[in-house]
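Report on one structure; see the data block that follows.
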Amino acid sequence: MSSTPVKVAVTGAAGQIGYSLLFRIASGALFGPDTPVELRLLEITPALKALEGVVMELDDCAFPTLAKVEIGDDATKVFDGVNHALLVGARPRGPGMERGDLLEANGGIFAPQGKALGEVAADDIRVTVTGNPANTNALIAMSNAPDIPTERFSALTRLDHNRAISQLAAKLGVPVTEIRKMTIWGNHSATQYPDLFHAEVGGRTAAEAVGDQDWLENTFIPTVAKRGAAIIEARGASSAASAASATIDHVRTWAQGTPEGDWVSMSVRSDGSYGVEEGLVSSFPVTVRDGRWEIVQGLEIDDFSRGKIDASVAELASERDAVRALGLI
Ligand SMILES: NC(=O)C1=CN([C@@H]2O[C@H](COP(=O)(O)OP(=O)(O)OC[C@H]3O[C@@H](n4cnc5c(N)ncnc54)[C@H](O)[C@@H]3O)[C@@H](O)[C@H]2O)C=CC1
Ligand SMILES: O=C([O-])CC(=O)C(=O)O
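Each step along the sequence shown adds one to the number in UniProt numbering, with nothing skipped, and position 273 is 273.
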């Protein structure tokens, strides 16, 4: 086992997602069995007592990879020297709400947290935003941390990516491992575009393998895009274990890379690729090597896909304008 722990901050650590996420991180799911981790857990003051209980449970697991746990309600202390920050802490939506409705309640959390990261995080800090609306919250954090390179900020669309793989695998009756090159474009919202024209199954595009444009348009896309709402409707609370699992997948891929011949979906700052306005945090197909992501280039975008991507990007631009009006960026 290497001797220097990787310091991982998790915000909203006493929440639903936190309760699934912390035990996975502590057991080595991000960096493997030979790399110890130090957890830095941020909560609001009233939740610190509950968080102490979670820490007691972490202790009771005696995880060999868990070097240390620190908790607190002061971001500049908790984020000091951290290598990864998983920004989960934010209000979840309830039935009948869109994630964008959370902007006013949650946006304010990410400006001070971005600032604190800029002041005290390690030089190699990588920031993953899960708290909704995740893309625009990542934009807020990034805009408030001008000294951190913009490519170190990301938002989670891996849950949508995993949902798309799972729905497609079920439709085709194949294992999820047969599906490659899934892409979620745009926003983590009902406007997102899960793309079957570049996904591959057994040497064909997924759209060809499905051979059913009606299913693609009227079943697949809305099922993936509205899955979060369906879970809220069924469970009475928003997805938590699957969101934690996707957060693990996202950070592990960022640290360990994408396999040859495949890519993942990550929301990152647009450089203008595929006509997505530069500066927005939008979901793209990315490959990752040596801790650096790159947007996959050269994919052909037909008129159907163009319309879907443009609609989601327009929503991101309007969220950006709203947080600008609130003075958050
Ligand atoms: N991007 C994605 O794919 C997904 C995102 N989410 C989002 O993740 C967020 C968290 O969800 P849950 O864990 O279910 O919510 P939760 O309400 O169970 O937990 C949120 C926690 O954040 C804490 N918190 C609030 N303000 C904070 C601050 N300023 N600093 C630190 N902690 C703070 C709260 O005290 C609470 O313990 C929500 O915004 C939810 O919508 C949920 C599922 C998927
Ligand atoms: O739908 C929600 O509000 C929670 C979430 O982001 C998801 O499950 O994708």
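We put the CB at the ideal spot given by N, CA and C, even for glycine.
Quick check: does the Cβ of residue i come within less than 7 Å of any heavy atom belonging to ligand 2?
i	result
residue 330	Because the chain in this structure spans residues 1 to 329, residue 330 falls outside the shown range and cannot be described.
I184	no
G228	yes
R158	no
H188	yes
residue 349	The question about residue 349 has no answer, for the chain in this structure spans 1 to 329.
S238	yes
P92	yes
N106	no
A47	no
N132	yes
I231	yes
A243	yes
Give the C-beta separation of residue i and residue j to the nearest angstrom, bearing in mind that I take them to be a contact with Cβ-Cβ under 8 Å.
i	j	result
K171	N83	Rounded, the Cβ-Cβ distance is 39 Å, inconsistent with contact.
I148	L103	Wrong, their Cβ atoms sit about 22 Å apart, outside the cutoff.
R163	R227	5 Å
A85	V281	Rounded, the Cβ-Cβ distance is 15 Å, inconsistent with contact.
V69	L58	6 Å
I179	Q192	18 Å between Cβ atoms; not a contact.
G108	L316	Actually they do not touch by this definition, with Cβ atoms about 19 Å apart.
T11	L42	4 Å
T247	T65	With a Cβ gap of about 17 Å, T247 and T65 do not count as contacting.
Checking the sheet assignment: what are the DSSP bridge partners for residue i?
i	result
L48	Beta-bridge pairing links L48 to no other residue.
R180	E200
R269	V281
H84	V8, R126
L41	V10, I71
Y193	W185
F153	V127
By a C-beta neighbour count over all protein chains shown, 10 Å radius and 16 as the cutoff for buried, is residue i buried or exposed?
i	result
T4	exposed
P259	exposed
V176	exposed
S2	exposed
S245	buried
T45	exposed
K308	buried
R152	buried
M56	exposed
P92	buried
N132	buried
S318	exposed
E217	exposed
R324	exposed
E208	exposed
R126	buried
R269	buried
Would you say residue i touches ligand 1, meaning its beta carbon is less than 7 Å from a heavy atom?
i	result
T191	no
P285	no
Q167	no
M248	The residue asked about is misnamed: residue 248 is Ile in this sequence, not Met. No, the beta carbon of I248 sits no closer than 7 Å to any heavy atom of ligand 1.
T76	no
T253	no
T258	no
T11	yes
S88	The question names Ser, but residue 88 is Val in the sequence shown. Yes.
E57	no
G100	no
E319	no
I140	no
Establish whether the CB of residue i and some CB of chain D are separated by less than 8 Å.
i	result
I148	Within the model displayed, chain D is absent; a lone protein chain is all it includes.
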